[in-house]
Amino acid sequence: MKIQRLFVAAALLSVSLATAQKTTITVGVFPDLDSVLKAALPGFNKLYPDIDVKINSLAYADHHNALTTALSTGKGANDVEAIDFGYVAKFAEGNGMTDLSKAPYNAAALASKFVGFTFPQATTQDGRIVAIPTDIGPGSMFYRTDLLAKAGVRPSQLNASWDSYITNGKKVVAANPGTFLIPDASEAAQIILRTGLKAGDGLYFDKSNKVLISPDNARFVKAFTVAKQIRDAKLDAKAGGAFSPEWTTAFQKGNLATEFSGAWLVGHMQNWLAKDFTGKWNAQNLPGNTFASWGGSFYGIPTQSTNKDAAWKLVQYLTTNPAQQVLAFKTTGAFPALKAGQSDAVFNQGVPYLANQKARLLWRTAAAKIQPLDVNKLDPIADQIVSDALGSVLDGSKDIPTALADAQRLVERRTR
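Counting in this note's numbering, the final residue of the sequence shown is number 1861, and the numbers go up one at a time with none missing.
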């Protein structure tokens, strides 16, 4: 009996020690990254049985708002935080995120493993690396093959140039009454603004924080001009931004001939957005031989985390493990930011929704051609002002020179 008691006591002590040695970390994510993380945990737990991971998932806006509050107050952040591309520059401001360029992380040594444009997005002007990329959204023009065929328009006629897109887009719309070429004219402007940048320039500011928005800046003039031409020709559905009710309805009714987005859009189209049109969509590069990215996600470690070692192990697993990157792609269609994650055999397979087109090869090539885009902590302010200026052009209340001059003055005043 004494021996049995000793065995029981030893077993209980062993369990107690194992529990005591375990580290629990929290991870803040948003859909669909929460699905990716859930799929990743079995593999991570096999490598690191001493680390428990608790997932805290909030809606996209709620997650980023909560992180904003946590970083500003110095409390309440998770050990690991997922960050969308649109928020990276904002969270790089101040010292709320751990600088991963420094020891023991030395993340700069990882940069060559990733698609070239990703690391600069999370690198501040003073060289701090605040997050590691996990997925990207190489841009495509998605188009309805049946609507183009009815108009006698070849896909290459739509992406040869922006002029060709508009000219042949008119034919597509004329041949398919009730159809629109594009959900919203502003989308074309956003692509043009994000391509053809000079080395070292961001969207709205140069390296010295000089405002680039101007009626004399050819990039802004072209973006506004093309969008206005699309609107004046009545080619867009005036549906506003992606996932608005109007945008969703146009997709579900089959009223759109083309759309510009990241590779991830296919997952939404096949699952709910346009599931009745399987096999009728294809993909090709953006007009004018341009390349751009739609979004992208990162993982960072807040400075307030008390479990940075365990947090870093998870960040590395999610971002630098090729098998995990492929699993994420298979789980949600999240295109790997890690170059080694793009070499899996799945990328040579056809995409059923796109009539078995081997579109992943197209996206992989496009990803390699996207140029780095310098981010600035003031980008969110400028982005809203430019968006409002474009809206005033599209509704006819201002001409392009006036709208851009007003936007330039307002951005300069707001960012002093």
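Idealized CB from N, CA, C, for every residue including glycine.
Query raised in the report: Quick one: does Asp1479 have its CB under 8 angstroms from some CB of chain D?
Result: No chain D is present in this structure, which holds just one protein chain.
Report task. Note down the Cα distance separating Asp1529 from Ile1577, rounded to an integer number of angstroms. Result -> Rounded to whole angstroms, the separation of the alpha carbons of Ile1577 and Asp1529 is 11 angstroms.
Query - DSSP bridge partner residues for Asn1727 (one or two, in chain order) - result: Answer is Tyr1588.
Query raised in the report: What alpha helix (DSSP H) runs, 4 residues minimum, are completely inside the segment 1626-1661?
Result: Counting whole runs of 4 or more residues, the segment 1626-1661 contains the alpha helix (DSSP H) stretches 1631-1638.
Query raised in the report: Exposed or buried, which one is Leu1806 when buried takes at least 16 other CB atoms within 10 Å?
Result: It counts as exposed.
Query raised in the report: Starting from Lys1720 and walking both ways along the alpha helix (DSSP H), at which residues does that stretch end?
Result: Premise fails: Lys1720 is in no alpha helix (DSSP H) and is neither H nor E.
Requested in this report: Alpha carbon to alpha carbon, how far is Gly1733 from Lys1616? Give it in angstroms, no decimals.
Outcome: The C-alpha of Gly1733 is placed about 19 angstroms away from the C-alpha of Lys1616.
Query raised in the report: In the DSSP assignment, what residue or residues form a beta bridge with Val1525?
Result: In the DSSP output, where bridge partners are listed per residue, Val1525 has Val1472.
Query - Validate contact between the segment 1672-1686 and the segment 1695-1706 using beta carbons, cut 8 angstroms, 3 pairs - result: Inter-segment contact for the segment 1672-1686 and the segment 1695-1706 is present: three or more beta-carbon pairs are separated by less than 8 angstroms.
Query raised in the report: Val1474 and Ala1782: beta carbons closer than 8 angstroms?
Result: Going by C-beta atoms, Val1474 is not nearer than 8 angstroms to Ala1782.
Requested in this report: Counting only the same chain and skipping the five closest in sequence on each side, list residues whose C-beta sits under 7 angstroms from that of Val1820.
Outcome: If the five residues before and after Val1820 are omitted, its C-beta is found closer than 7 angstroms to the C-beta atoms of Val1533, Ala1534, Gln1566 and Gly1647, all from its own chain and listed in chain order.
Query raised in the report: Taking His1509 as the reference, which of Phe1736, Asn1551, Asn1727 and Tyr1744 has the closest Cα?
Result: Considering only alpha carbons, the answer is Tyr1744.
Query raised in the report: Who does Leu1701 pair with in a DSSP beta bridge?
Result: DSSP, once it has assigned bridges, lists Phe1625 as partnering Leu1701.
Report task. Starting from Tyr1493, follow the alpha helix (DSSP H) in both directions and report where the run begins and ends. Result -> Neither: Tyr1493 is in no alpha helix (DSSP H) and is coded neither H nor E.
Report task. Locate the alpha helix (DSSP H) running through Ser1517, then write down its first and last residues. Result -> Start and end: Tyr1505 to Thr1518.
Requested in this report: Grab me the residues of Gly1724's own chain with a C-beta within less than 6 angstroms of its C-beta, minus the 5 sequence neighbours each way, in chain order.
Outcome: Around Gly1724: Ala1800.
**Report entry** One or two residues paired with Gln1802 in a DSSP bridge
**Finding:** As DSSP reads the structure, Gln1802 sits in a beta bridge with Val1796.
Requested in this report: Report yes if the CB atom of Ala1790 is closer than 8 angstroms to the CB atom of Val1796, and no otherwise.
Outcome: With a cutoff of 8 angstroms on beta-carbon distance, Ala1790 and Val1796 are scored as not near each other.
Query raised in the report: DSSP three-state call for Asp1571: helix, strand or coil?
Result: Looking at Asp1571 - three-state DSSP - the assignment turns out to be coil, as it is neither helix nor strand.
Query raised in the report: Is the segment 1746-1763 touching the segment 1483-1494, taking contact as three or more C-beta pairs under 8 angstroms?
Result: Yes, they touch.
Requested in this report: Return yes when the Cβ of Leu1839 is within less than 8 angstroms of the Cβ of Ala1672, no when it is not.
Outcome: It is a contact, given that the beta carbons lie within the stated cut-off.
Requested in this report: Output the boundary residues of the alpha helix (DSSP H) element that contains Ser1609.
Outcome: Residues Trp1607 to Ala1620.
Query raised in the report: DSSP three-state call for Pro1549: helix, strand or coil?
Result: It is coil, neither helix nor strand.
Report task. Check the C-beta distance from Asp1497 over to Lys1467 and give it rounded, since I have them as a contact under 8 angstroms. Result -> With a beta-carbon spacing of about 6 angstroms, Asp1497 and Lys1467 fall inside the 8 angstroms limit used to define contacts.
Query raised in the report: Taking Val1525 as the reference, which of Phe1780, Ile1830 and Ser1750 has the closest Cα?
Result: Looking at Phe1780, Ile1830 and Ser1750, the one whose alpha-carbon comes closest to that of Val1525 is Ser1750.
**Report entry** Reduced DSSP secondary structure (H/G/I, E/B, other) of Trp1709
**Finding:** Three-state result, Trp1709: coil.
Query raised in the report: When we look at the beta-carbon of Pro1583 and count the other beta-carbons within 10 Å, is it buried (16 or more) or exposed?
Result: With at least 16 other beta carbons inside 10 angstroms of its own, Pro1583 counts as buried.
Query raised in the report: First and last residue of the beta strand (DSSP E) that includes Ser1750?
Result: Judged by DSSP secondary structure, Ser1750 falls outside any beta strand (DSSP E); it is assigned neither H nor E.
Report task. State the Cα-Cα distance for the pair Ile1826 and Arg1858, rounded to the nearest angstrom. Result -> Those two C-alpha atoms are separated by around 11 angstroms.
Query raised in the report: Identify the residues that DSSP records as bridge partners of Thr1860: which are they?
Result: Partner(s): none; Thr1860 has no beta bridge.
Query - Backbone secondary structure at Lys1499 - three-state DSSP - result: Strand, per DSSP.
Query raised in the report: Quick one, are the C-beta atoms of Ala1484 and Thr1776 less than 8 angstroms apart?
Result: Thr1776 is positioned such that its CB atom lies closer than 8 angstroms to that of Ala1484.
Query raised in the report: What is the DSSP secondary structure of Ser1738, reduced to helix, strand or coil?
Result: In the displayed model, Ser1738 falls within a strand according to three-state DSSP.
Requested in this report: Use the C-beta contact count for Gln1853: other C-beta atoms within 10 angstroms, 16 or more gives buried, fewer gives exposed.
Outcome: It is buried - the Cβ of Gln1853 has at least 16 other Cβ atoms within 10 Å.
Report task. Would you mind sorting Ala1463 into buried or exposed? The rule is 16 or more other CB atoms within 10 Å of its CB. Result -> Reliability of the predicted coordinates at Ala1463 is poor, the pLDDT of 47 falling under 50, and no value is obtained from them.
Query raised in the report: Quick one: what does DSSP say Leu1823 is sitting in, helix, strand or coil?
Result: Residue state, collapsed to three classes: coil.
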